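Residue numbers for the sequence shown follow this note's numbering, beginning at 36 and rising by one.
The next block holds one structure in the form of structure tokens; read it before the comments.
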Amino acid sequence: MNPRHFAFITITIFAVVLSLTACSGAAEPPASPEISTPANEEVTAPETENEQAYEGTRPQNETFDLMTGEGNQSHTATLHQGEGFSLYVFEKFEFDAAQGRLFLSSNPEYYVDIEPLPANYDLTQLKSAGKKELEEFGKVSDFSGELVEHPLGSAELYLQTSSDEGINYYTVWQSETGDAFLFRLHNPKGEEASDFAGPVLVSLSTVQSNS
């Protein structure tokens, strides 16, 4: 992992955790949206030859610097395989490969659903669908193109709702290899929100297609 990438992640996570520990139900949504999800259990289904070949191109474990309540600390994440993609998952998270869901082990209500998008996806249609989905949670804010200091800075679409019940996101993001994914995130208001937000952002920034 590139040291400059570590530093970038550390700064970003610190900002996100600060915003979460502040006031979750603020009138205006945060400039750098927060996130919630769950994650990390081994896939029990047998691997295909393609999956085995792909795993060889990424280390089974990676170490990332995360800003925690005890300061900057290094944490190891384990590579997990989903349906057509892989990502790194931290301790205290579980990953359901069949559903593509990453969630907090202690509370599955903190989760993110990961969906690979086809090469010819229609961003306009996705934006319309995302707004419709999020409207049931509250007023929808669009942070697309504003995520400068953020692990998901390459997101083409970043919609968010923020209320007294928590935060929800609908995000279209491209990996470094140019593959697109749809993230649906649910981060309820509660004591576990900060534990969820930091690691999940880093995990999502490691999602890559197996192709």
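Note that CB positions come from ideal geometry on N, CA and C, so glycine has one too.
Predicted model only: the values in this text are computed from it and were never measured.
Excluding the 5 residues preceding and the 5 following residue i in the sequence, name in chain order all residues of the same chain whose CB lies nearer than 8 Å to its CB.
i: Gln-243; result: Arg-93, Phe-120, Ser-121, Leu-122, Ser-210, Glu-211, Thr-212, Asp-214
i: Glu-227; result: Leu-139, Ser-141, Asn-142, Tyr-145
I need the boundaries of the beta strand (DSSP E) containing residue i, first residue and last residue.
i: Asp-214; result: Neither: Asp-214 is in no beta strand (DSSP E) and is coded neither H nor E.
i: Pro-151; result: 146-151
i: Glu-129; result: 128-131
i: Ser-197; result: 190-198
i: Ser-121; result: 120-125
Relative to the alpha-carbon of residue i, which residue among the options has its alpha-carbon at the smallest distance?
i: Val-22; options: Thr-98, Glu-150, His-110, Phe-125; result: No information on residue 22 is available, as it lies outside the stretch 36 to 246 that the chain covers here.
i: Lys-167; options: Asn-107, Phe-218, Asp-230, Tyr-205; result: Tyr-205
i: Asp-157; options: Ser-238, Glu-181, Leu-217; result: Leu-217
i: Glu-181; options: Glu-170, Gln-195, Lys-174, Leu-169; result: Gln-195
i: Ala-154; options: Glu-170, Arg-136, Val-207; result: Val-207
i: Ser-238; options: Ala-228, Leu-137, Glu-170; result: Leu-137
i: Phe-172; options: Arg-219, Ser-189, Phe-128, Gln-160; result: Arg-219
i: Asp-148; options: Glu-129, Gln-95, Gln-160; result: Glu-129
i: Phe-231; options: Lys-127, Asn-96, Thr-113; result: Lys-127
Leaving out five residues on either side along the sequence, give the residues of the same chain with a beta carbon under 7 Å from the beta carbon of residue i.
i: Lys-162; result: Leu-192
i: Lys-174; result: Thr-196
i: Glu-150; result: Gly-135, Phe-216, Leu-217
i: Leu-169; result: Val-175, Leu-194, Thr-196, Asn-203, Tyr-205
On the DSSP bridge assignment, give the partners of residue i in chain order.
i: Gln-134; result: BP columns for Gln-134 are empty, so no partner.
i: Arg-93; result: None, per the DSSP bridge assignment.
i: Asp-18; result: Residue coverage of the chain in this structure runs from 36 to 246, which leaves residue 18 outside it and unanswerable.
i: Phe-218; result: Ile-149, Thr-206
i: Ser-251; result: With the chain covering 36 to 246 only, the question about residue 251 has no answer from this structure.
Closer than 6 Å by C-beta to residue i: which residues in its own chain qualify, once you throw out the five before and the five after it? Chain order, please.
i: Pro-223; result: Glu-144, Gly-201
i: Ser-141; result: none
i: Ser-179; result: Leu-192, Tyr-193
i: Gly-165; result: Leu-194, Tyr-205
i: Ser-189; result: Gln-209
i: Thr-111; result: Asn-96, Thr-98
Along the chain, where does the alpha helix (DSSP H) that runs through residue i open and close?
i: Gln-209; result: Gln-209 -> not in any alpha helix (DSSP H); beta strand (DSSP E) instead, spanning 201-209.
i: Val-175; result: It is not in any alpha helix (DSSP H) - Val-175 instead sits in the beta strand (DSSP E) that spans 175-177.
i: Glu-230; result: In the sequence as presented, Glu is not what sits at residue 230; that position holds Asp. Here the alpha helix (DSSP H) through Asp-230 covers 228-239.
i: Leu-161; result: 158-169
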